[in-house]
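Colleague: Protein chains in written order, with the numbering used here: chain U, 1 to 110; chain D, 111 to 718; chain Y, 719 to 1069.
After the structure tokens below, expect a handful of questions from me.
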Amino acid sequence: MVDFGYKIQADRQINLDITNKALANFVKKHENSFNTCIGCGTCTATCSTAKFTDFNFRRLQLFIRRGETANVKAEIAKCMLCGKCQLACPRGVNTRNVIMMIKKGLEAHV
Amino acid sequence: MNFAWFVLPFSLGLFLLFILVIFKISFWVRQLPLRDRLLLNRGIFSFKIFKVIKEVIMESLLHRRIFKINPVLGFMHMSFAFGWFMLILVGNMESRLYAGTELNLPYYAIFFKYFVHQPLTIPFAEGFTFIMDFFLVLVLSGLLIALSKRIYSRVVGMKRTTKLKPFDVFAMLSLWFIFPFRLLAESMAAGMYHTGGFLTQPLGNFFAGFLPLGPLSYAMWWAYSIALGVFFVSLPYSRYMHIPTEIVLIAFRHFGIRRTKEYDMFKDVEVFSCSRCGICIDKCQLNTMAQVNTIQSAYFIKSIRKKNQQEAVVQNCLVCGRCQEFCPVGIKTDDLRLSQRMIFENREIADFHYLPQDVPVKTDILYFAGCMTHLTPSIKKAMLNILNSSGISYRFMDEDGSICCGRPLMLSGNNKDALKLMQTNKDIIRSSEAHTLVTSCPICLRVFREDYNLNINVVHHTQFIESMIAEGKISLENSGAKISYHDPCELGRGLGIYDEPRNVLSQTGVLLKNSLERKSSLCCGGSIANNQNYNLNKDKISQQVVAHLSAKEPDMIATACPLCKKSLVKYADIRVADIAELVSEQMVSNKADASRAEKKFNVESVEA
Amino acid sequence: MAKKVVVIGGGIAGMESSAYLAEMGYDVTLLEKEDCLGGHLRNWERLFPTMRLGQEVLDFLKLGVDTKVNVIRNANITKVNRIEKRFQVELDRGASFNADALLITTGYDTFDATKKEEYGYGIYDNVITSAELEKMFMEGKNIITPTGKVPKKIGIIHCVGSRDEKVGNVYCSKVCCVTAVKQAIELKEKLPEVEIYCFYMDLRMYGMHFEALYKEAQEKHAINFIRGRLSEASENMDQTVMIKVEDTLAGKPLKLSVDLLVLMVGFVPSKGTKEIGKMMGLEFGTNGFYKTKDQHTMTNVSNIQGVFFAGSCTAPKTITNTITDARAAATTVASYLESYDLEIRTKAFFQ
Chain U
1 MVDFGYKIQA
11 DRQINLDITN
21 KALANFVKKH
31 ENSFNTCIGC
41 GTCTATCSTA
51 KFTDFNFRRL
61 QLFIRRGETA
71 NVKAEIAKCM
81 LCGKCQLACP
91 RGVNTRNVIM
101 MIKKGLEAHV
Chain D
111 MNFAWFVLPF
121 SLGLFLLFIL
131 VIFKISFWVR
141 QLPLRDRLLL
151 NRGIFSFKIF
161 KVIKEVIMES
171 LLHRRIFKIN
181 PVLGFMHMSF
191 AFGWFMLILV
201 GNMESRLYAG
211 TELNLPYYAI
221 FFKYFVHQPL
231 TIPFAEGFTF
241 IMDFFLVLVL
251 SGLLIALSKR
261 IYSRVVGMKR
271 TTKLKPFDVF
281 AMLSLWFIFP
291 FRLLAESMAA
301 GMYHTGGFLT
311 QPLGNFFAGF
321 LPLGPLSYAM
331 WWAYSIALGV
341 FFVSLPYSRY
351 MHIPTEIVLI
361 AFRHFGIRRT
371 KEYDMFKDVE
381 VFSCSRCGIC
391 IDKCQLNTMA
401 QVNTIQSAYF
411 IKSIRKKNQQ
421 EAVVQNCLVC
431 GRCQEFCPVG
441 IKTDDLRLSQ
451 RMIFENREIA
461 DFHYLPQDVP
471 VKTDILYFAG
481 CMTHLTPSIK
491 KAMLNILNSS
501 GISYRFMDED
511 GSICCGRPLM
521 LSGNNKDALK
531 LMQTNKDIIR
541 SSEAHTLVTS
551 CPICLRVFRE
561 DYNLNINVVH
571 HTQFIESMIA
581 EGKISLENSG
591 AKISYHDPCE
601 LGRGLGIYDE
611 PRNVLSQTGV
621 LLKNSLERKS
631 SLCCGGSIAN
641 NQNYNLNKDK
651 ISQQVVAHLS
661 AKEPDMIATA
671 CPLCKKSLVK
681 YADIRVADIA
691 ELVSEQMVSN
701 KADASRAEKK
711 FNVESVEA
Chain Y
719 MAKKVVVIGG
729 GIAGMESSAY
739 LAEMGYDVTL
749 LEKEDCLGGH
759 LRNWERLFPT
769 MRLGQEVLDF
779 LKLGVDTKVN
789 VIRNANITKV
799 NRIEKRFQVE
809 LDRGASFNAD
819 ALLITTGYDT
829 FDATKKEEYG
839 YGIYDNVITS
849 AELEKMFMEG
859 KNIITPTGKV
869 PKKIGIIHCV
879 GSRDEKVGNV
889 YCSKVCCVTA
899 VKQAIELKEK
909 LPEVEIYCFY
919 MDLRMYGMHF
929 EALYKEAQEK
939 HAINFIRGRL
949 SEASENMDQT
959 VMIKVEDTLA
969 GKPLKLSVDL
979 LVLMVGFVPS
989 KGTKEIGKMM
999 GLEFGTNGFY
1009 KTKDQHTMTN
1019 VSNIQGVFFA
1029 GSCTAPKTIT
1039 NTITDARAAA
1049 TTVASYLESY
1059 DLEIRTKAFF
1069 Q
């Protein structure tokens, strides 16, 4: 590549004007409780997977809602689906179905 | 040779039925793996065939299991199946004796009364006539019940009966019309030729008084034959396919055909064996407590047969096993449900390489609390207290957090991913060289037992506690508290562990008897196997289950599953405790400690 | 003859509304199930956001009921009869009181923290509730943990039994956030060396001066506020309590050992609220508190004509709100008894 003396950096902001909400919309459509998260972090604190690796379900959900889906597939692969988060969530988010719908949404190439 | 044109619908129908059923059965057999086909061949020519015949008589004809569950419904099914079977059997004997030959075409026996115009000359002729009328009455009485069941299902003690689609109604009506037409045809024949029995003769005489019997009876024979023909042709496409299929199912079971987790031929045979009797519908708490009435096994199985399964229906089930427990055909509805989930969900996405692979310390006894038990620390604390004070050596396998047992993934249909988790846990358990694995969570227990092939003793903590009491390692003092026990689904119906929890509980307090317990026990609603409308359905169910468990005014509700405890505690006004907690408090050596725990529990919250 | 009003419940709302009704000239009987008046206020040493003594407010309320209100203590109500437009309240010892109007002020109880098992209350010794901490303040003793240690690290958990679908209470209890700040400051004043960590989902500093108190806690007392909700507590070998949260602002799971864990327990309808409600056929709302006839315009009116509500039996309320509500209820009752013209607006709802 020719070095022009400068390079174009990727935009580091979340740009809600252009962001891809397809996955978020897919999950929301199939699991209504997806949007009721208030980000308290109980799911991540209790998470069996987070005990062993840096899986963060709260952040993953939030990123999906913001259209930041680049890492979702690699991240969701870590979940053991044990359901502990579902038992802890104060908002009653149906987390297991959210996870299943994320997987399904990824498969549907949304 | 006796012949009339009206025998054609019947004969053609029967011929087609025969071809279609043979085709279907041979399809099932051909699809079986070789090993199972060999088992089938060997089975047919072994003593096992007698067991098959016995069960076919008991279940397919007499409907013993339905009788046990619901006598009126049992009578209805029995009268159709056994009554009709006897009509065919006795009719054939009668006609063959009369004709003196074995080579009658099938229609001859069926339309015997059309062809015979004088009183029978065979031995026991009157007896035959009586028996034929008797079984006709039996079938007609069943028909009457079926009719009233459709109008008002509570006649047979069912809150709901199956909902029917137009084709179902068509097939059902063709069946229903057979017997009234037969009655009319035979009565009219009796009216003309005095060949009737206690029912058909008086009816025939009555008709003879004011009806032109000749042409009318001919019309009735046509109607009778058409009803039969239509029924036979619609049978393979309707729920009545369960009649021949159940025989195949019974044979498969006795011959030891293997079941897999996938949707295999065994399950396909089960699907076609469902008579949609509807017993599962009233047993389903999603129906009775949450007004969800489209997902019950009868409908779910039909959707598999019609190949139009909806994922939302497949997933909307507690997999509590209540319907399975009461299915008169013995269809494994839970396995069927999970096999269908695999079709939708068995994707291989998970990557569990982050899990620790460390070699564990060797031990005799491993304690696995399970993920959920970490959210019920009183169970965990009680178990550790029991283990410590009994003086045995053990290791707490998931002290620093659990590696999930894999069953939650399996319950959602992700078997492939579940296997990866299972392998990790299996390696840890194996290399610990433990001879006993104790777990507090019935969900884990089930998968450890059924799918891990550990070849060691895998027990629930209630079983372990019972054995420790028997061995004198711990002793309990009875508090006299009145206890209402809730059977967890996976522990009770899932693994048949009903007695151990009760034996232990009756040593800690006074165990009350509830109207729905053991195999009839209710699901707490919190099953992670259901992820459709989770909160809504769970809350409706839990609330009613708590009311049921509180009906006899117990001092506390006891259970043996962290998930059940969580569901029940939300709505209970009284204490909800795991058996381990009660044991820990009532241990004699531990009495001082326990009284402290109790005091803390009863502490009146200081008002703010 | 003066019209009669029976007020059920001698807490803040019952006392203040009785005082006003008696002063208006009604024959007021105040029924209290315990042997003294004041309700929850008796267990509260200092009040947010002013830090003044609860006793001062209690004394003020007592002055109102001292002379003109007929106070019946240890009153255990067994039955409430309705005879046309009048009421008759029967007690277990045979006494009965007639009333032209009833005012229900049965209040709240604090959430039973054993229902939130994973937080360890009743399981681990060093887990206490905010009410128990307040009792320690009240008794003026040194602050020591239940296992007898001067705490060096204290964790305070917000929203215990509030905003939690898992225990069936989805509402905000309104007072816990600021109570946590208040108690944290008091702890810090008593034990200057102690480290305090408050774990919250949202800090709801909606009241006048609440925000200032929060800022004071940060600025003057160096109290740590961590945005993350406790998932589960466990006990270490030395009986300290290990807590697991996600520090959601840092985006990482966090664990911390504390010598004392204080649970900010929320409001639930009191036992008395439930019992009286069932006995009389009063309507309950979805959250289990009494349902008012209209959420905006008839906040003191029940579904039974002549029966009124005041205080936290209809929803969680601060002391300030409760006193205001009690006076509003007194006015509403008087308006009903005098058949003021504007009662037409209320009566429309009963037709």
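Virtual Cβ for every residue (Gly too), placed ideally from N, Cα, C.
Which same chain residues end up closer than 8 Å to Asn35 (chain U) when comparing Cβ atoms and leaving out the 5 residues on each side of it in sequence?
Modeller: As a position in the first sequence, residue 35 (chain U) is number 35, starting the count at 1. Lys28 and Arg65, listed in sequence order.
Colleague: Run down chain U in chain order and give the residues with a C-beta less than 9 Å from the C-beta of Ser949 (chain Y).
Modeller: Taking the first residue of the third sequence as position 1, residue 949 (chain Y) is located at position 231. The answer, in chain order, is Gly41, Thr42, Cys43, Thr44, Ala45, Thr46, Cys47, Lys84, Cys85 and Ala88.
Colleague: Return no unless some Cβ of chain Y is closer than 8 Å to the Cβ of Arg96 (chain U).
Modeller: The count along the first sequence starts at 1 and reaches residue 96 (chain U) at position 96. Not an interface residue.
Colleague: Can a CB atom of chain Y be found closer than 8 Å to the CB of Val679 (chain D)?
Modeller: If you number the second sequence from 1, residue 679 (chain D) lands on position 569. Chain Y contact via Cβ: present.
Colleague: Is the CB of Met919 (chain Y) under 8 Å away from at least one CB in chain U?
Modeller: Counting from 1 along the third sequence, the entry for residue 919 (chain Y) is found at position 201. Output row for Met919 (chain Y): interface = yes.
Colleague: Tell me which residue opens and which closes the beta strand (DSSP E) that Gly873 (chain Y) is part of.
Modeller: Counting from one through the third sequence, the residue named residue 873 (chain Y) turns up at place 155. Residues Lys871 to Val878.
Colleague: Where does Lys648 (chain D) fall in DSSP's three states?
Modeller: On the second sequence, position 538 is the one that residue 648 (chain D) refers to. Here Lys648 (chain D) sits in helix by DSSP.
Colleague: What separation, rounded to the nearest whole angstrom, lies between the Cα atoms of Lys780 (chain Y) and Arg760 (chain Y)?
Modeller: Here the question's residue 780 (chain Y) lines up with position 62 in the third sequence. Here the question's residue 760 (chain Y) lines up with position 42 in the third sequence. Using only the alpha carbons, I get a separation of about 12 Å.
Colleague: Could you tell me whether any Cβ in chain D is nearer than 8 Å to the Cβ of Leu23 (chain U)?
Modeller: The count along the first sequence starts at 1 and reaches residue 23 (chain U) at position 23. Judged by the 8 Å Cβ criterion, Leu23 (chain U) is not in contact with chain D.
Colleague: If I follow the unbroken alpha helix (DSSP H) through Asp243 (chain D), where does it start and stop?
Modeller: As a position in the second sequence, residue 243 (chain D) is number 133, starting the count at 1. Residues Ala235 to Ile261.
Colleague: At 3 residues or longer, and completely inside the region 427 to 511 of chain D: list those beta strand (DSSP E) runs for me, N to C.
Modeller: As far as the region 427 to 511 of chain D is concerned, its whole beta strand (DSSP E) runs of at least 3 residues are 475 to 478 and 504 to 506.
Colleague: Helix, strand or coil: how does DSSP classify Ile414 (chain D) here?
Modeller: On the second sequence, residue 414 (chain D) is found 304 positions in, with the first residue counted as 1. Three-state DSSP puts Ile414 (chain D) in a helix.
Colleague: What would DSSP say about Asp830 (chain Y), mapped onto helix, strand or coil?
Modeller: Reading the third sequence from its first residue, position 112 is the one you call residue 830 (chain Y). Of the three classes helix, strand and coil, the one that applies to Asp830 (chain Y) here is coil, per DSSP.
Colleague: Could you name the residues of the region 50 to 75 of chain U whose beta carbon sits closer than 7 Å to any beta carbon of chain D, in the order they occur along the chain?
Modeller: The region 50 to 75 of chain U vs chain D, Cβ under 7 Å: Lys51, Phe52 and Thr53.
Colleague: Just curious, the alpha helix (DSSP H) that Lys377 (chain D) is in, first and last residue?
Modeller: For the purposes of this step, residue 377 (chain D) is identified with residue 267 of the second sequence, where counting begins at 1. Residues Met375 to Ser383.
Colleague: When you compare only the Cα positions, how much space is there between Arg260 (chain D) and Glu236 (chain D)?
Modeller: Working through the second sequence from its first residue, we reach residue 260 (chain D) at position 150. Working through the second sequence from its first residue, we reach residue 236 (chain D) at position 126. So the alpha carbons of these two residues sit roughly 36 Å apart.
Colleague: Compare the Cα-Cα distances from Gly812 (chain Y) to each of Y:Ala740, Y:Val798 and Y:Thr823 and report the closest residue.
Modeller: The count along the third sequence starts at 1 and reaches residue 812 (chain Y) at position 94. Nearest of Y:Ala740, Y:Val798 and Y:Thr823 to Gly812 (chain Y), Cα basis: Y:Val798.
Colleague: Going by beta-carbon coordinates alone, are Gly873 (chain Y) and Leu972 (chain Y) separated by less than 8 Å?
Modeller: What you label residue 873 (chain Y) is simply residue 155 of the third sequence in a count that begins at 1. What you label residue 972 (chain Y) is simply residue 254 of the third sequence in a count that begins at 1. Their beta carbons are not under 8 Å apart, which means Gly873 (chain Y) does not touch Leu972 (chain Y) by this criterion.
Colleague: Based on DSSP bridge pairs, tell me the residues matched to Phe1002 (chain Y).
Modeller: Taking the first residue of the third sequence as position 1, residue 1002 (chain Y) is located at position 284. Looking at the DSSP assignment, Phe1002 (chain Y) forms a beta bridge with Y:Tyr1008.
Colleague: State yes or no: is the beta carbon of Thr486 (chain D) nearer than 8 Å to at least one beta carbon in chain Y?
Modeller: Counted from its first residue, the second sequence places residue 486 (chain D) at position 376. Closer than 8 Å: yes.
Colleague: Closer than 6 Å by C-beta to Thr44 (chain U): which residues in its own chain qualify, once you throw out the five before and the five after it? Chain order, please.
Modeller: Stepping through the first sequence from its first residue, residue 44 (chain U) is reached at position 44. Around Thr44 (chain U): Ala50, Asn56, Phe57 and Arg58.
Colleague: Rounded to whole angstroms, how far is the Cβ of Ala1047 (chain Y) from the Cβ of Ala1028 (chain Y), which I believe are closer than 8 Å?
Modeller: Taking the first residue of the third sequence as 1, we reach residue 1047 (chain Y) at position 329. Taking the first residue of the third sequence as 1, we reach residue 1028 (chain Y) at position 310. Contact flag correct, Cβ pair sits at about 3 Å.
Colleague: Unbroken alpha helix (DSSP H) runs of length 4 or more, entirely within the region 971 to 1059 of chain Y: which are they?
Modeller: Whole alpha helix (DSSP H) segments, 4+ residues: 989 to 998 and 1037 to 1055.
Colleague: Gly840 (chain Y) to Val746 (chain Y), Cα distance in whole Å?
Modeller: Residue mapping note: residue 840 (chain Y) aligns to position 122 of the third sequence, counting from 1. Residue mapping note: residue 746 (chain Y) aligns to position 28 of the third sequence, counting from 1. Roughly 42 Å separates the two Cα atoms.
Colleague: Of all the options D:His227, D:Met697 and D:Asp444, which has the alpha carbon lying nearest to the alpha carbon of Glu587 (chain D)?
Modeller: On the second sequence, residue 587 (chain D) is found 477 positions in, with the first residue counted as 1. Considering only alpha carbons, the answer is D:Met697.
Colleague: Assess contact between the region 901 to 911 of chain Y and the region 855 to 864 of chain Y, defined as three or more Cβ pairs (one per stretch) separated by less than 8 Å. Is contact present?
Modeller: Cβ pair count under 8 Å is three or more, so yes.
Colleague: Can you find the residues in the same chain that come closer than 6 Å, C-beta to C-beta, to Lys710 (chain D), ignoring five residues on each side of it along the sequence?
Modeller: What you label residue 710 (chain D) is simply residue 600 of the second sequence in a count that begins at 1. In this prediction, Lys710 (chain D) scores a pLDDT of 44, lower than 50, which makes its location untrustworthy; no coordinate-derived value is stated.
Colleague: Quick one, which of Y:Gly732, Y:Met769, Y:Gly866 and Y:Tyr826 has its alpha-carbon nearest Val845 (chain Y)'s?
Modeller: For this step, residue 845 (chain Y) is matched to residue 127 along the third sequence. Val845 (chain Y) has its Cα closest to that of Y:Gly866, out of Y:Gly732, Y:Met769, Y:Gly866 and Y:Tyr826.
Colleague: Less than 7 Å between C-beta atoms, sequence neighbours within five positions excluded: which residues of the same chain meet that for Ala718 (chain D)?
Modeller: Translated into the one-based positions of the second sequence, residue 718 (chain D) becomes position 608. In this predicted model, Ala718 (chain D) has a pLDDT of only 37, less than 50, meaning its place in the structure is not dependable; the value taken from the coordinates is given anyway. Cβ neighbours of Ala718 (chain D) beyond the five flanking positions: none.
Colleague: Report buried or exposed for Ala88 (chain U), applying the criterion of at least 16 other Cβ atoms within 10 angstroms of its Cβ.
Modeller: What you label residue 88 (chain U) is simply residue 88 of the first sequence in a count that begins at 1. Burial call: buried.
Colleague: If distances are taken between C-alpha atoms only, which option among D:Asn456, D:Gly606, D:Glu169 and D:Phe244 comes closest to Ile198 (chain D)?
Modeller: Counting from 1 along the second sequence, the entry for residue 198 (chain D) is found at position 88. The option with the nearest alpha carbon to Ile198 (chain D) is D:Phe244.
Colleague: Following the continuous beta strand (DSSP E) through Cys85 (chain U), name the residue where it begins and the one where it ends.
Modeller: Indexing the first sequence from 1 puts residue 85 (chain U) at position 85. Taken as a continuous stretch (DSSP letters only), Cys85 (chain U) belongs to no beta strand (DSSP E), being part of the alpha helix (DSSP H) at Lys84 to Ala88.
Colleague: For Tyr595 (chain D), report the span of its alpha helix (DSSP H) as first-last.
Modeller: Position 485 of the second sequence, counted from the start, is the residue given in the question as residue 595 (chain D). Run containing Tyr595 (chain D): none in the alpha helix (DSSP H); it sits in the beta strand (DSSP E), Lys592 to Tyr595.
Colleague: At least one CB of chain U closer than 8 Å to the CB of Pro518 (chain D): is that the case?
Modeller: As a working note, residue 518 (chain D) is residue 408 in the second sequence. Yes, because at least one Cβ of chain U sits closer than 8 Å to the Cβ of Pro518 (chain D).
Colleague: Quick one: residues in its chain with C-beta nearer than 7 Å to the C-beta of Phe308 (chain D), no 5 flanking neighbours on either side, listed in chain order?
Modeller: For this step, residue 308 (chain D) is matched to residue 198 along the second sequence. Result list for Phe308 (chain D): Phe240 and Asp243, in chain order.
Colleague: Shortest alpha-carbon distance to Val896 (chain Y) belongs to which of Y:Lys938, Y:Tyr842, Y:Ser1030 and Y:Thr1036?
Modeller: Residue mapping note: residue 896 (chain Y) aligns to position 178 of the third sequence, counting from 1. Residue Y:Thr1036 is the option with its Cα nearest to Val896 (chain Y).
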